[in-house]
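Chains as they are written, first to last, in my numbering: chain A, 1 to 186; chain B, 187 to 583.
Everything below concerns the one structure shown next.
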Amino acid sequence: MTAIENLDSRFREAGALVVSRHDFKRDGLVLSATIPAGILTKLARGLKDDGYALLDLSVLEAKEGFLVTYHFDSFREPGRLALRVLATEEMPEVPSLYGIFEGAEWHERESADFYGLIFFGNPNPVPLILPADFDGPPPLRKDPKDLAALSALGLFGQADVLDPSWEALVNPPAPDKPGAGDGAGA
Amino acid sequence: MSGLNFINPFGVREDPGTFTGDFYTENFSRKAKPGTVILNLGPQHPSTHGVLRIVVELDGEYVIRAEPVLGYLHRMHEKMGEVKTPWQFIPNMGRVDYLHPIAWNWAYVGAVERLGGIEVPERAEYLRVISCELNRIASHLMWWGAFVMDLGGVTPILYAFEEREKINDILQIVTGSRLTLSYFRFGGVSTDVDERFLRLTKEFVPYLRERLKMYKALVTDNIILRRRLEGVGPMGVDICQRYGATGPILRAAGVASDTRRDIPYGIYKKFDFDIPSGPTNDSFGRYLVRLAEVEESLTIVEQAIKELPAGAIRIDKAPKANYKLPAGETYFAVEGARGQVGCHLVSDGGTRPYRIKLRAPGFSNLSLFAEAAKGTLLADAIAILGSLDLVIPEVDR
C-alpha cells in the first residue's frame with residue numbers, strides 16, 4: 001500500500017485536480033487522478049519508471065467534454081491506476097504518450113478515429129481502425145441530448161478535490177435547484 | 187491515368203516520389219529508402235492470420251520497417267454496447283475473439299456484475315472456470331496448429347483440430363454453438379452441465395495429456411522447428427512494458443503475470459495451478475509457455491470437475507431484460523488466451539451502458555510487432571507474427 005500512497009502524494013504535488021481512492025472490488029481501480037493535460041507526460045514517465053505499463057486508453061464523452069482515461073497497471077504489484085485528462089470540444093487536444101510508451105501510438109490513433117481528438121506528438125496520426133477515406137462524423141460521438149454530466153457517472157470514488165473549479169464537476173450542488181440539470185430524474 | 191507513375195510489378199519504386207497502392211502503402215512508402223521493396227502481406231495472404239495486413243519495407247530478405255494496417259474486421263462493438271441493453275450485448279462477446287469467446291463473455295458479464303453487485307452461485311462459478319479453461323485449451327491448440335503451419339509444417343494442425351473438435355463437442359452441450367460461444371449470463375451461466383458433459387470432460391483430460399507427449403516428440407523436439415524459433419524475436423520485459431503486452435508474451439519474458447493470479451476473479455483462488463514463465467523470451471519461449479499453459483488448464487479443469495458442487499446455476503433474482511445498471515464506473519479484467527482482456531464499463535443509470543471500452547490483448551501485442559520485426563529476415567518476421575497469437579476480430583473489435 002505504501003507504493004499507492006507514494007503515487008497519491010506524487011499526483012498531488014504535481015498539481016492534480018482531483019485525486020480519488022477507489023474500492024477495487026467495485027470500481028476495478030485502486031487510485032485515479034484527474035490532471036491538467038500539461039503534467040500528463042511527466043506523471044506517465046514517473047509511472048513507467050515505477051514499472052507501470054499503459055494497458056489501454058478509454059475516452060468518455062460527457063457534457064463537460066472528453067474525459068480521456070489512461071489505465072495503467074504494474075506487472076510486479078498489480079493494482080490498476082487511472083490518469084484522466086479532460087479535453088473540450090474547443091480544445092480537443094491531449095499530448096501524446098508515444099515518447100514514453102510506444103504502445104500509446106495505436107491507442108491514441110484509435111481514440112482519434114472514434115472521437116476526433118488530437119494527440120499532438122503522435123508520430124503517425126493517420127486513421128488506425130477506420131478506413132483512410134472515412135468521412136462520417138467520429139462514430140462514438142454521442143448525440144448532445146444524450147450526454148451525461150461527469151458527476152452523474154460515478155467516476156470519482158472517494159474524491160479529494162484539489163482544484164476549486166472541479167468542485168462543481170465532482171460534487172455538484174444538491175438537486176434543490178431543479179433548473180440546473182435536464183430534469184431526467186431517477 | 188496519365189498522372190500515374192509507372193510502378194514495376196515487384197513494387198520497386200522508380201524514384202522516391204512515386205507511390206504504389208492505397209493510402210496506407212503510400213503513407214508507409216514516404217519514409218522508404220531508395221532501392222527497397224515495399225511489400226503488402228495480407229489482408230488476404232496465407233502467411234498472415236485472418237485479414238491482418240502488414241506493409242513491410244524489404245532490403246533483400248531483410249525487413250527494414252513494418253507497419254500493421256488494421257480495421258478489416260472492425261465491427262464497432264463498443265458502439266453496439268452503447269445502443270444495446272446488457273442482455274442484448276452478450277452475443278457480441280462471443281464474436282470479438284472467436285478462439286476464446288468465453289473469456290470475453292466473462293469480461294463483460296463480470297463488469298456488469300461488479301457494477302450491479304450481482305452475486306454468482308458457487309456451482310456457476312465452477313462451470314465458468316471449466317468452460318473458460320476448456321476454451322483456453324482449444325484456443326491454444328488452434329494457435330499451435332496454425333503457428334506450425336505458418337512455419338511450413340502442415341500436418342500438426344490436423345492433430346490440433348482433432349482435439350479441438352472434442353472440446354467443441356463438449357462445449358456445444360451447454361452453449362449450443364461451436365465457435366461464437368455465449369455461455370455466461372448475469373448472475374450465472376445459461377445451462378447446467380449434464381452427465382455426458384462431465385463424462386466427456388473427464389475422458390478428455392487424460393486423453394490430451396497423452397497427446398501432448400506426442401506433440402512434444404513430433405513437433406516441439408523437431409530440429410527444424412527449433413532452428414526456426416530459437417533466438418528469433420526476443421521480447422524482454424522492457425518491450426512488453428512499453429507496448430502493454432500481456433499474456434504468454436509477457437510470461438515468456440520471465441514475468442509470471444497472469445490476471446487469474448494477480449487480480450483474482452471468480453474462484454480461481456481455490457485451484458492449485460502454476461503460471462508458466464520463461465525460460466527464454468524468444469519465439470520458442472512463447473511456444474513453450476503456451477503448451478505449458480495447456481497442461482495447467484487441464485489441471486484446473488480436473489480439480490473443478492472433481493469439486494463441482496451441487497446447487498443453482500443462476501441466482502433467483504438475475505437481472506431481467508429491463509435491468510437498469512446502477513450509475514458508476516468499473517473495470518473488469520480476465521486472463522484470455524492472448525493476455526489481459528478488459529472491459530471498462532460506465533453507466534449513467536439507464537437501461538443501456540453509457541460507455542463500454544474493450545481492451546483487447548491482441549491489439550497491444552500486435553502493436554509491438556513493428557519494433558520486433560525490424561532487421562529480421564522476412565521468414566523470421568512471419569515466425570514472430572505467429573508467435574504473437576493474433577485473432578484479428580479481437581484486434582479490430
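In this text, a Cβ means the ideal position worked out from N, Cα and C, and glycines have one as well.
Between which two residues does the beta strand (DSSP E) carrying residue i extend?
| i | result |
| --- | --- |
| B:K597 | The question about residue 597 of chain B has no answer here: the residues shown for chain B are numbered 187 through 583. |
| B:A519 | G514 to G522 |
| A:L83 | L81 to A87 |
| B:N408 | Note, B:N408: premise wrong, no beta strand (DSSP E); not H, not E. |
| B:L244 | R239 to D245 |
| B:L225 | V223 to L227 |
| B:Y248 | Y248 to V255 |
| A:I118 | I118 to F120 |
Terminal residues of the continuous alpha helix (DSSP H) containing residue i?
| i | result |
| --- | --- |
| A:G65 | Run containing A:G65: none in the alpha helix (DSSP H); it sits in the beta strand (DSSP E), G65 to S74. |
| B:N278 | P272 to V282 |
| B:G533 | Reading off the sequence, residue 533 of chain B comes out as Ser, not Gly. Here B:S533 belongs to no alpha helix (DSSP H); instead the beta strand (DSSP E) covers G525 to S533. |
| B:D336 | E308 to D336 |
| A:Q158 | Where A:Q158 is concerned, there is no enclosing alpha helix (DSSP H), although the beta strand (DSSP E) it sits in stretches over Q158 to V161. |
| B:D355 | P342 to T361 |
| A:E108 | A104 to Y115 |
| A:P95 | Unbroken run through A:P95 is the beta strand (DSSP E), E93 to P95; no alpha helix (DSSP H). |
| B:N213 | F209 to S215 |
| B:E268 | H263 to V269 |
| B:Y429 | V423 to Y429 |
| B:Y401 | E381 to Y401 |
Would you mind sorting residue i into buried or exposed? The rule is 16 or more other CB atoms within 10 Å of its CB.
| i | result |
| --- | --- |
| B:T361 | buried |
| A:N6 | exposed |
| A:T88 | exposed |
| B:G257 | buried |
| B:V241 | buried |
| B:H286 | buried |
| A:D135 | exposed |
| B:A567 | buried |
| A:V94 | buried |
| A:S20 | buried |
| B:R216 | exposed |
| A:R76 | exposed |
| B:R599 | No answer is possible for residue 599 of chain B: the residues shown for chain B start at 187 and end at 583. |
| B:Q427 | buried |
Any beta carbon from chain B within less than 7 Å of residue i's own beta carbon?
| i | result |
| --- | --- |
| A:E102 | yes |
| A:G28 | yes |
| A:A168 | no |
| A:V126 | yes |
| A:L162 | no |
| A:A180 | Residue confidence for A:A180 is low, a pLDDT of 46 falling below 50, so the modelled location carries little weight; the figure read from the coordinates is stated next. For A:A180, the answer is no, since every Cβ of chain B falls outside 7 Å of its Cβ. |
| A:D56 | yes |
| A:P137 | no |
Check whether chain A comes within 7 Å of residue i, counting only Cβ atoms and requiring the distance to be less than that.
| i | result |
| --- | --- |
| B:D448 | yes |
| B:V269 | no |
| B:T361 | no |
| B:F209 | yes |
| B:N508 | no |
| B:A559 | no |
| B:V532 | yes |
| B:Q427 | yes |
| B:T562 | no |
| B:L285 | no |
| B:A293 | no |
Taking Cβ positions, are residue i and residue j nearer each other than 7 Å?
| i | j | result |
| --- | --- | --- |
| A:G157 | A:D8 | no |
| B:E349 | B:L313 | no |
| A:H71 | A:A82 | yes |
| B:I288 | B:S325 | no |
| B:A504 | B:G373 | yes |
| B:P547 | B:G525 | yes |
| B:V295 | B:E580 | no |
| B:L511 | B:G246 | no |
| B:I356 | B:L386 | yes |
| A:G67 | A:L60 | In the sequence as presented, Gly is not what sits at residue 67 of chain A; that position holds Leu. Going by C-beta atoms, A:L67 is nearer than 7 Å to A:L60. |
| A:D131 | A:G116 | In the sequence under discussion, the amino acid at residue 131 of chain A is Pro, which differs from the Asp named in the question. No, the pair does not count as a contact, with Cβ atoms beyond the cut-off. |
| A:V126 | B:N226 | no |
| B:D575 | B:W290 | no |
| B:F470 | B:E416 | yes |
| B:I486 | B:E311 | no |
| A:L153 | B:V532 | yes |
Item to complete: Write down every uninterrupted run of the beta strand (DSSP E) in the region 12–54 of chain A whose length is 3 residues or greater and which is fully enclosed by it, in chain order.
Response: Assignment of beta strand (DSSP E) within the region 12–54 of chain A, counting only whole runs of 3 or more residues, yields 18–21 and 31–35 in chain order.
Worksheet item: At which residue ranges does the region 437–521 of chain B contain complete beta strand (DSSP E) runs of 3 or more residues, listed in the order of the chain?
Response: Here no run is fully enclosed.
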